[in-house]
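Student: Right, I'll just put the structure down here and ask away after.
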Amino acid sequence: MFLWRLLANRIPVDVKLQWRGISLASKCKCCEKPGVETRLHLFVNGSATRRVWQHLARWFPQVPVFDEEGENIELRLKWWQRNMGIRSQHHLCVIIPCLILWHIWTERNENVHRDKNFEVEDIIKRVNSQLRNLVLTKLIGQDQWKGCCPMLDVVIDTCGGARKRKVGRVEWRPPDPLWVKLNVDGAFIQATQNAGGGGIVRNHEGEILVAFATGFKCRSGLEA
Ligand SMILES: [Zn+2]
């Protein structure tokens, strides 16, 4: 929905609000020396957004550097996909641009509405962490990063085969007095596609205060 609005120029960046007749002085949130916040500046051509795109471009080292100016938002969105000659809409060369655009927008809004500093590193972190979660929950698989140069530990591990297992002692420790502790867990059986989970709340003496369990639908143990 966000991308559709973005491509249709319906995202309320400063210049869009001015166009709608709201009087405000535009000051972009992404640059040290603020410029005018247009859609293209915030998402493609500004120095901050360029750093985000350049960082994630390491996934696609075979693709030429993007240096197009002007009305280039669709070009930017499809640059990696076109240059890799990939048709699938589920490939990472399609997914990563969508995540970048979305997280630039959320970072910009955190700045406008919650006074958070606009940080390129935070955008990259959030894109990476969302990718990591998608891989761990198996919503993204090997087919989807074919031809990429993976830049995430979880993806590299999945490609590299079996991981070394560490053995360690795990024990339950009670919370401090006046506190309670909630432990939760979930399980998933591939063969039957059954899943369930539950939780237990205990006090500092280890006494059970509440416990619950339920079945639900999901696609992996981690998601459960
Ligand atoms: Zn800027």
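Quick note, the sequence shown lines up with residues 1 to 224 if you use the working numbering. Glycine is no exception: its CB is placed at the ideal position from the N, C-alpha and C atoms.
I'd like to know whether the C-beta atoms of R225 and L209 end up nearer to each other than 8 Å.
Tutor: Nothing in the structure corresponds to residue 225, since the chain is present only between 1 and 224.
Student: By the DSSP assignment, the alpha helix (DSSP H) with L139 in it spans what residues?
Tutor: Per DSSP, L139 belongs to no alpha helix (DSSP H) and is neither H nor E.
Student: Is any heavy atom of ligand 1 found at a distance shorter than 7 Å from the C-beta of G147?
Tutor: No.
Student: Could you say which of Q81, R20, P150 and E37 lies nearest to K27 if we only look at CA atoms?
Tutor: Of Q81, R20, P150 and E37, the residue nearest in Cα terms is E37.
Student: For the alpha helix (DSSP H) containing A195, list its first residue and its last residue.
Tutor: Unbroken run through A195 is the beta strand (DSSP E), N194 to R202; no alpha helix (DSSP H).
Student: Who are the Cβ neighbours of Q130 in its own chain at under 7 Å, not counting the five residues just before and after it?
Tutor: Excluding sequence neighbours, Q130 sits near L99.
Student: Are three or more beta carbon pairs between the region 67-77 and the region 111-118 nearer than 8 Å?
Tutor: Touching, no, given that fewer than three Cβ pairs across the two stretches are closer than 8 Å.
Student: Quick one: is the Cβ of P34 within less than 7 Å of any heavy atom of ligand 1?
Tutor: Within the cutoff, so yes.
Student: Nearest CA to the CA of M1: which residue from L75, R126, L24 and L101?
Tutor: Among L75, R126, L24 and L101, the Cα nearest to that of M1 belongs to L101.
Student: Looking at C93 and F60, is the spacing between their C-beta atoms short of 8 Å?
Tutor: Yes. Within cutoff.
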